[in-house]
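Below is one structure, written out as structure tokens; the observations come after it.
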Amino acid sequence: MRPVDKGDAPKQYSHYREARNDLAARIGWYCSYCEMPVKNMIEVEHLIPIKNGGAELDWENFLLSCKYCNTLKSDRNTSRKGYFWADKDNTLLAFTYQSAIIKANGQLNSSQVRIAQNTIDLMGLDRYPGGANEPTKADTRWKGRDEVWGAANISLANWNSLPCEEMRRQIGLTAFGMGHFSIWMEVFKDVPEVRKELINSFTGTSMNCFDADGNPIPRPNGNL
Ligand SMILES: [Zn+2]
């Protein structure tokens, strides 16, 4: 899950949906949870649901979500507590990715693993065919992860045979279009030049979540 920086509220909104394009301009047209690119009808998501006392019009309470993550999350969380959030934590450290499979990062301590798993469960992020949590017919979020895993590995092979500035830029462009930042970062974990290109390619990636070589580091004032 890509850590993002929304910045300060650009203005006051009289309806939360008015914030959609401002949010997308700041953090890109991606679901903040499953990282799918959503270029049409992306939804403004209330981190703390309105029903549970979350502020309806407060920029601080907004992220962007695909239809599916928003529907599954619904009003099931009563606060931010017990989950990792892309606008407060370095959520790249929370999970590991392989093909369509997302897991809590086993390198974390046991309480952090529990929080990472709660976050996965809140949006049903680990659903894939043949897994413990089978997706519904309508839930094809796994497909993007599967395709990007394939494309990122081909890109890594291309990089290894021709590591040059043009290739690096091309990989950044391809990743920007296909989305799923975290999968690209996983596949290129040993290639600092490309990691930095990815961090810069995706609009609104939180810069204070990475060191000078593009390695993820704990986020200042975050829980991870
Ligand atoms: Zn989503």
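31 is the number of the first residue of the sequence shown in my numbering; add one for each residue after it. Every residue, glycine too, gets a C-beta built ideally from N, C-alpha and C. Note that the coordinates shown come from a computational prediction; the quantities given were computed from them, not determined experimentally.
Assuming the contact rule is C-beta atoms closer than 8 angstroms, residue 32 and residue 121 should be a hit. Round their C-beta distance to whole Å, please. 7 angstroms
Between the alpha carbons of residue 238 and residue 230, how many angstroms are there, rounded? 12 angstroms
If you draw a straight line from the alpha carbon of residue 34 to that of residue 160, how long is it in whole angstroms? 31 angstroms
Measuring CA to CA, which of 170, 143, 200, 172 is closest to residue 184? 200
Could you please give me the residues that DSSP links to residue 34 through a beta bridge? 235
Pick helix, strand or coil for residue 211, following the three-state DSSP scheme. helix
Label residue 117 either buried or exposed according to how many other C-beta atoms from any shown protein chain fall within 10 Å of its C-beta, with 16 as the threshold for buried. buried
Taking the C-alpha atoms as reference points, what is the distance between residue 92 and residue 192? 41 angstroms
Near residue 68, what residues of its chain come up, given a Cβ to Cβ distance below 7 angstroms and the 5 sequence neighbours on each side ignored? 59, 60, 61, 96
Let me check you understand the geometry: is the CB of residue 175 closer than 7 angstroms to at least one non-hydrogen atom of ligand 1? no
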